[in-house]
Amino acid sequence: MNKSLTRLDWIGRGFLVLTIAVAILAPVLALVPAKTSMFYLPPYLVALLGKYVCFAILAVALDLVWGYCGILSLGHGAFFALGGYAMGMYLMRQIGTRGVYANPILPDFMVFLDWKALPVTWWGFNWFAYASLMVVLVPGLLAFAFGWFAFRSRVTGVYLSIITQAMTYALKLAFFRNDFGFGGNNGLTDFKDILGINVQADSTRAALFSISTLGLALAFVVSKAIVSSKYGKALVSIRDSESRVRFLGYRVENYKLFVFVVSAVMAGIAGALYVPQVGIINPSEFDPANSIEAVIWVAVGGRGTLVGAALGAIVVNFAKTFFTGAFPEYWLFGLGGLFVLVTLFLPKGILGLALATTANRRPPAKPEAATSAAAKVSEVKS
Amino acid sequence: MSEPTQNPVLTSSLLYLDGVAVAFDGYKALRGLSLVLAPGEMRAIIGPNGAGKTTMMDVITGKTRPDEGDVYFEGQYDLTKLDETEIAELGVGRKFQKPTVFENHTVSDNLLLAAKAPRSVFATLFGGAAKQERETIDRILGITRLGDERSRQAGSLSHGQKQWLEIGMLLAQDPKLLLVDEPVAGMTDAETATTAELLKEIARDHSVVVVEHDMAFVRELGVKVTVLHEGAVLAEGSLDQVSADPRVIEVYLGR
Numbered sequence: 000m001n002k003s004l005t006r007l008d009w010i011g012r013g014f015l016v017l018t019i020a021v022a023i024l025a026p027v028l029a030l031v032p033a034k035t036s037m038f039y040l041p042p043y044l045v046a047l048l049g050k051y052v053c054f055a056i057l058a059v060a061l062d063l064v065w066g067y068c069g070i071l072s073l074g075h076g077a078f079f080a081l082g083g084y085a086m087g088m089y090l091m092r093q094i095g096t097r098g099v100y101a102n103p104i105l106p107d108f109m110v111f112l113d114w115k116a117l118p119v120t121w122w123g124f125n126w127f128a129y130a131s132l133m134v135v136l137v138p139g140l141l142a143f144a145f146g147w148f149a150f151r152s153r154v155t156g157v158y159l160s161i162i163t164q165a166m167t168y169a170l171k172l173a174f175f176r177n178d179f180g181f182g183g184n185n186g187l188t189d190f191k192d193i194l195g196i197n198v199q200a201d202s203t204r205a206a207l208f209s210i211s212t213l214g215l216a217l218a219f220v221v222s223k224a225i226v227s228s229k230y231g232k233a234l235v236s237i238r239d240s241e242s243r244v245r246f247l248g249y250r251v252e253n254y255k256l257f258v259f260v261v262s263a264v265m266a267g268i269a270g271a272l273y274v275p276q277v278g279i280i281n282p283s284e285f286d287p288a289n290s291i292e293a294v295i296w297v298a299v300g301g302r303g304t305l306v307g308a309a310l311g312a313i314v315v316n317f318a319k320t321f322f323t324g325a326f327p328e329y330w331l332f333g334l335g336g337l338f339v340l341v342t343l344f345l346p347k348g349i350l351g352l353a354l355a356t357t358a359n360r361r362p363p364a365k366p367e368a369a370t371s372a373a374a375k376v377s378e379v380k381s
Numbered sequence: 000m001s002e003p004t005q006n007p008v009l010t011s012s013l014l015y016l017d018g019v020a021v022a023f024d025g026y027k028a029l030r031g032l033s034l035v036l037a038p039g040e041m042r043a044i045i046g047p048n049g050a051g052k053t054t055m056m057d058v059i060t061g062k063t064r065p066d067e068g069d070v071y072f073e074g075q076y077d078l079t080k081l082d083e084t085e086i087a088e089l090g091v092g093r094k095f096q097k098p099t100v101f102e103n104h105t106v107s108d109n110l111l112l113a114a115k116a117p118r119s120v121f122a123t124l125f126g127g128a129a130k131q132e133r134e135t136i137d138r139i140l141g142i143t144r145l146g147d148e149r150s151r152q153a154g155s156l157s158h159g160q161k162q163w164l165e166i167g168m169l170l171a172q173d174p175k176l177l178l179v180d181e182p183v184a185g186m187t188d189a190e191t192a193t194t195a196e197l198l199k200e201i202a203r204d205h206s207v208v209v210v211e212h213d214m215a216f217v218r219e220l221g222v223k224v225t226v227l228h229e230g231a232v233l234a235e236g237s238l239d240q241v242s243a244d245p246r247v248i249e250v251y252l253g254r
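Here it is in structure tokens:
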């Protein structure tokens, strides 16, 4: 077990090198080679991969709470969507007079609803810095408020999962309403500029992809630092035996709250990176099914490994893109079947399987520990 | 009811339980349990199944709130008003019946988590193991005879070693009072003897309450014994005294 942990660190370093290499290479391949070259990375692929990378950040965030602290959140999509909405609001305000109604202040849907002034919730979103702050603050504060009550009341296990699910569903219904003020059913779309640059230009897409990939690397580094600290050890202990940790004198609710908020902020940043790349955010992002899918990515990749979670998000989404194209009716059955198979046969996911197969190929370690333990016992008996 | 500070029995005690009653859905687990433990004392608690031994531990550590009665620590802290974490911070450590070590951590990490140190999120997030903590860990690995197993996954230890590790974790926590629930259940005779030695060593500078079924083990400890029956104290004294008590023989030893 310890051996596989050190090898996991080796995999972690490999993962970091890979993400940084991809972040540098992808824009080069997207912009430099001729369109006919075999090395050319077409824009649609850049956008698709960028989407997967954002999902991978969400998966790392979810793995941090689920894999290491045992909090099975079935509502992490909500934090992702809130971060996405904050970015979407900034992008909406950048449209300005280029909208259908050419109103310099109000986005089209507000003019259409015959609103006269910008609601307070939209104030400040014309500034990128303010919007970026909200990307972090809104999911963070929601997670803080939610976690404060849930963890203090010692809601755990399936009950906690259910209320996280209820949270994302409630937000979905709220965002569906036109009078809630965030574009209702249609959401936010038709984005033009980000920081004064055309958001749909190939170079912008390549840059967004790079930033997302670096974001994934950063999310991994931060998560790894957290789980490697003494705090992280306490977190795993809470996952395995919560009451024992309480009797050791740890404030379990504070421990859970901190990791839950960090994870929600990460999910929010992932959503903010996602929206300019896909060009739309609407209430369907709050759908409970999205959050459940994220749990499946983590389970498939390998819970409690971080790298596995990112891997799982990318592999499952590749499969989704392929199968929804090839056999659209069967994808959901495939996804459900995948989850069942992984739960039954691969409790540690793809990464766990990979680690186990490489371990089996090596000669078994000498049973030194066992002999010394036996020696101890005989020593004690004498 | 008298003011707590005016009661000399209370003020000189480390642990003071008076008339404690707990009922679960009408089942009376404790009915008027009273017990006083002096500072530095080691006490063995025996009693048949369902006598209320574990419920008593739950009340002292804040897991269960009593319906009636007083529970005081060091003559001044009302334990019925505090939660598990606060009680642990006051200096009450608990070893469970089933060995509960953190199986996915190494032996030394288990001790590190238990070791007395700031417990706040930021202290553990940014602080590593201090020199003092490392010394504590080394010392306890010696006492608990686990020196060679320090880097082993705790889940792979033998049953007896897990029990010792858990006792070691209690020591690392350095509480004023240790509550130890059935430390030798499922142990071999040799392991039982070692555990008795270990506990006696610990009792030199800690107060200890041991709940146990194993009479040979209690005899080996050689301390004052409290017999529980149906949620209250039936008899108290040396093991020979209580063994001779006809009521004790009837409910427990006579079977």
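Chains as they are written, first to last, in numbering that gives the first Met the number 0: chain W, 0 to 381; chain L, 0 to 254. Using N, Cα and C, we set each Cβ at its ideal position, and we do this for glycine too. For clarity, every value in this text was computed on a predicted model and none was experimentally measured.
At a C-beta separation below 7 Å, Asp108(L) has these neighbours in chain W: Lys232.
With a contact defined as Cβ atoms closer than 8 Å, Ser206(L) and Pro65(L) miss out at about 21 Å. A Cβ-Cβ contact shorter than 7 Å links Phe127(W) with Leu194(W). Residues of chain L whose Cβ lies closer than 7 Å to the Cβ of Phe246(W) are, in chain order, Thr60, Glu83, Ala87, Arg93.
A direct Cα-Cα distance of roughly 16 Å separates Leu73(W) from Lys255(W). In this structure, the beta-carbon distance from Ala29(W) to Leu15(W) does not fall below 7 Å. DSSP places Leu156(L) outside any beta strand (DSSP E), giving it a letter other than H or E. In this structure, Gly139(W) lies near Val264(W), with their beta-carbon atoms less than 7 Å apart. In chain order, Ser206 place their CB closer than 6 Å to the CB of Glu40(L), counting only its own chain and leaving out the 5 sequence neighbours on each side.
Taking a Cβ-Cβ cut-off of 9 Å, the neighbours of Val235(W) in chain L comprise Phe101, Asn103, His104, given in sequence order. Around the beta carbon of Ile196(W), fewer than 16 other beta carbons lie within 10 angstroms, which makes this residue exposed. With fewer than 16 other Cβ atoms from the protein chains shown falling within 10 Å of its own Cβ, Trp122(W) counts as exposed. When C-beta atoms of the segment 150-161 of chain L are compared with those of the segment 104-120 of chain L, three or more pairs fall below 8 Å, so the two segments count as touching. Secondary structure of Asn197(W) (DSSP, three-state): strand. Taking a contact as a CB-CB distance under 8 Å, the pair Asp189(W) and Ile94(W) counts as one, their CB atoms being some 7 Å apart. Between Leu197(L) and Val217(L), the C-beta spacing is not below 7 Å. Proximity of chain W to Gln172(L) at the Cβ level (cut-off 8 Å) is accounted for by Leu247, Gly248, in chain order.
Beta bridge pairing from DSSP links Phe72(L) with Leu14(L), Tyr76(L). Chain order gives the chain L residues near Phe257(W) as Val120, where near means a beta carbon separation below 7 Å. Given a length threshold of 3 residues, each whole run of the beta strand (DSSP E) inside the segment 48-114 of chain L is given here in chain order: 67-72, 91-94.
Within chain L, the residues whose beta carbon sits less than 8 Å from that of Arg243(W) are Phe95, Thr99, Phe101, listed in sequence order.
Ala114(L) is positioned such that its CB atom lies no closer than 7 Å to that of Thr84(L). Taking a contact to require three or more Cβ pairs closer than 8 Å, the segment 162-182 of chain L and the segment 208-224 of chain L qualify as touching. Residue range 231-236 is occupied by the beta strand (DSSP E) that includes Glu235(L). Look at Asp62(W): its C-beta is not under 7 Å from any C-beta on chain L.
The straight-line gap separating the alpha-carbon atoms of Phe338(W) and Asn177(W) is approximately 36 Å. Rounded to the nearest angstrom, the Cβ distance from Trp296(W) to Phe54(W) is 7 Å, consistent with a contact under 8 Å.
The beta carbon of Ser222(W) lies closer than 7 Å to those of Val59, Leu63, Leu305 in the same chain, with the five residues before and after it left out. Around Leu112(L), the beta-carbon contacts reaching into chain W at under 7 Å are Lys232, Ala233, Ser236, Leu247.
Taking the Cα positions, Phe79(W) is about 10 Å away from Leu272(W). Taken through DSSP and simplified to helix, strand or coil, Tyr26(L) comes out as strand. Ranked by how close their Cα comes to the Cα of Ala266(W), the residues Leu117(W), Lys232(W), Phe219(W), Gly248(W) have Phe219(W) in first place.
For Asp239(W), the secondary structure class from DSSP, reduced to helix, strand or coil, is helix. Within 7 Å of the CB of Asn253(W), the CB atoms of chain L belong to Val120, in sequence order along the chain. Here Asn48(L) is exposed, its C-beta having fewer than 16 other C-beta atoms within 10 Å.
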